[in-house]
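Taken in order, the sequence shown gives residues 23 to 303; the numbers are from the working numbering.
What follows is a set of notes on a single structure, which appears directly below.
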Amino acid sequence: MADRYGNDVLAGDWRKPKRGRAVETPAEYGAVVEEVETDFVGEIVKVDRDLYTVTLEDRRRKRRTFPLGPGFLLEGRPVILTPPVVAVTAPKPSRTASGSVAVADARARVARASRIFVEGRHDAELVEKVWGDDLRIEGVVVEYLGGVDDLADHLRDFEPGPQRKVGVLVDHLVTGSKEARIAESIRRSAVGQHVLIVGHPFIDIWQAIKPDRVGLAEWPQIPRSIEWKKGICQHLGWPHRDQADIARAWKRLLSTVSSWSDLDPALLGRVEELIDFVTAE
23 MADRYGNDVL
33 AGDWRKPKRG
43 RAVETPAEYG
53 AVVEEVETDF
63 VGEIVKVDRD
73 LYTVTLEDRR
83 RKRRTFPLGP
93 GFLLEGRPVI
103 LTPPVVAVTA
113 PKPSRTASGS
123 VAVADARARV
133 ARASRIFVEG
143 RHDAELVEKV
153 WGDDLRIEGV
163 VVEYLGGVDD
173 LADHLRDFEP
183 GPQRKVGVLV
193 DHLVTGSKEA
203 RIAESIRRSA
213 VGQHVLIVGH
223 PFIDIWQAIK
233 PDRVGLAEWP
243 QIPRSIEWKK
253 GICQHLGWPH
263 RDQADIARAW
273 KRLLSTVSSW
283 SDLDPALLGR
293 VEELIDFVTA
303 E
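Next up, the structure:
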């Protein structure tokens with residue numbers, strides 16, 4: 023049976039305007055709005071935050087200024103115009119990751135003839151992450167050797183000289199080590215005056231990262247019968263079955279480094295020494 027009285031007029035939100043309720047909307051430049059009291063339609067061309075006003079320009083280039091707030095239609099819907107959101111630009115860092123004064127908008131310098139050699143890929147990636155900005159400004163290229171055993175051959179091919187200096191960063195450069203003997207032989211060679219070999223005491227560059235970055239009080243002692251990096255991963259509970267696992271472990275470890283403060287001072291001074299050597303005029 024049909025309802026002779028129809029729907030209840032008080033049911034639902036009967037106070038809601040036909041065009042919907044006004045919502046706050048930023049007064050973005052270029053938006054076209056209508057001021058409802060004057061029916062003036064125009065593009066937003068100016069917003070004055072101090073006076074809290076908005077200026078509209080119609081198609082005849084006539085302009086009118088209205089107070090910000092309610093009383094506008096945007097695409098037929100009521101809006102409350104508010105000042106546009108101002109994007110906050112993050113301040114540029116004043117220091118590089120190595121702690122040097124950052125040079126804003128600096129362009130990389132053309133690479134020098136001089137070079138810095140490091141033993142492996144991980145060494146190169148760590149140096150790049152912390153000293154990369156400095157090296158680009160100075161025009162210094164870092165190359166990795168794949169081990170220090172063939173350093174003499176690399177130097178012979180490179181032909182160091184007064185304008186082609188070579189700085190070399192060596193792992194585990196301690197008295198009596200194989201690395202120390204190689205370094206000493208090169209110092210005594212004909213190119214020794216153009217080559218600076220420095221090193222850190224760590225078995226591997228991994229140890230140059232402060233152990234607390236991965237939750238350790240100190241780096242563990244790994245038996246010589248176990249490959250060092252695999253032993254470290256095993257101690258940390260990380261996968262270490264193959265080289266892919268080791269590569270992922272290194273990326274995980276490298277991600278804990280954001281600046282010089284994450285590294286042991288024994289490495290910091292050596293890298294700075296090499297940069298000074300190869301950039302000295």
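Backbone N, C-alpha and C define an ideal beta-carbon position, used for all residues, glycine too.
Euclidean distance between Cα positions of residue i and residue j
| i | j | result |
| --- | --- | --- |
| Ile-297 | Ser-283 | 18 angstroms |
| Pro-242 | Thr-104 | 60 angstroms |
| Arg-292 | Ala-53 | 58 angstroms |
| Thr-60 | Thr-77 | 14 angstroms |
| Gly-214 | Pro-184 | 11 angstroms |
| Lys-86 | Val-108 | The sequence given here places Arg at residue 86; Lys does not occur at that position. The alpha-carbon atoms of Arg-86 and Val-108 are separated by roughly 24 angstroms. |
| Leu-157 | Arg-99 | 56 angstroms |
| Leu-258 | Gly-121 | 30 angstroms |
| Val-220 | Pro-182 | 16 angstroms |
Element boundaries [beta strand (DSSP E), containing residue i]
| i | result |
| --- | --- |
| Arg-99 | 99-104 |
Sequence-distant residues of the same chain with beta carbon closer than 8 angstroms to residue i, five excluded per side
| i | result |
| --- | --- |
| Ala-174 | Ile-204, Ser-207, Ile-208, Ser-211 |
| Val-123 | Ser-116, Arg-117 |
| Leu-167 | Phe-139, Val-140, Glu-141, Gly-142, Leu-173, His-176 |
| Ala-230 | Leu-148, His-222, Phe-224, Leu-285, Asp-286, Ala-288, Leu-289 |
Boundaries of the alpha helix (DSSP H) in which residue i is found, first to last residue
| i | result |
| --- | --- |
| Phe-180 | 173-180 |
| Lys-151 | 143-160 |
| Gly-291 | 287-301 |
| Asp-61 | Counting along the chain, Asp-61 falls outside any alpha helix (DSSP H), and DSSP gives it neither H nor E. |
Test item: CB-CB of residue i and residue j under 8 angstroms
| i | j | result |
| --- | --- | --- |
| Arg-137 | Glu-165 | yes |
| Leu-95 | Glu-56 | yes |
| His-222 | Leu-289 | yes |
| Val-312 | Arg-134 | The question about residue 312 has no answer here: the residues shown for the chain are numbered 23 through 303. |
| Val-101 | Ala-44 | yes |
| Glu-262 | Ala-269 | Correcting the residue type first, residue 262 is His in the shown sequence and not Glu. Contact flag unset, no. |
| Ile-66 | Glu-50 | yes |
Cutoff 6 angstroms; reference residue i; Cβ partners in own chain excluding five residues on either side
| i | result |
| --- | --- |
| Tyr-74 | Leu-90 |
| Gly-64 | Leu-78, Glu-79, Asp-80 |
| Gly-28 | Low per-residue confidence applies at Gly-28: pLDDT is 49, beneath 50, and the placement is therefore not dependable enough to give any value. |
Residues near residue i in its chain [Cβ-Cβ closer than 7 angstroms; skip 5 each side]
| i | result |
| --- | --- |
| Ser-280 | Ala-119 |
Exercise. Per the contact definition of three or more C-beta pairs closer than 8 angstroms, is the stretch 233-240 in contact with the stretch 204-214?
Worked result: No, the stretch 204-214 does not touch the stretch 233-240.
For this session: Inspect the CB distances between the stretch 145-155 and the stretch 176-188 and report whether three or more fall short of 8 angstroms.
Result: Contact between the stretch 145-155 and the stretch 176-188 is absent, with fewer than three C-beta pairs closer than 8 angstroms.
Exercise. Contact between the stretch 288-296 and the stretch 184-199: three or more CB pairs below 8 angstroms?
Worked result: Judged by Cβ distances under 8 angstroms, the stretch 288-296 makes contact with the stretch 184-199, as three or more pairs qualify.
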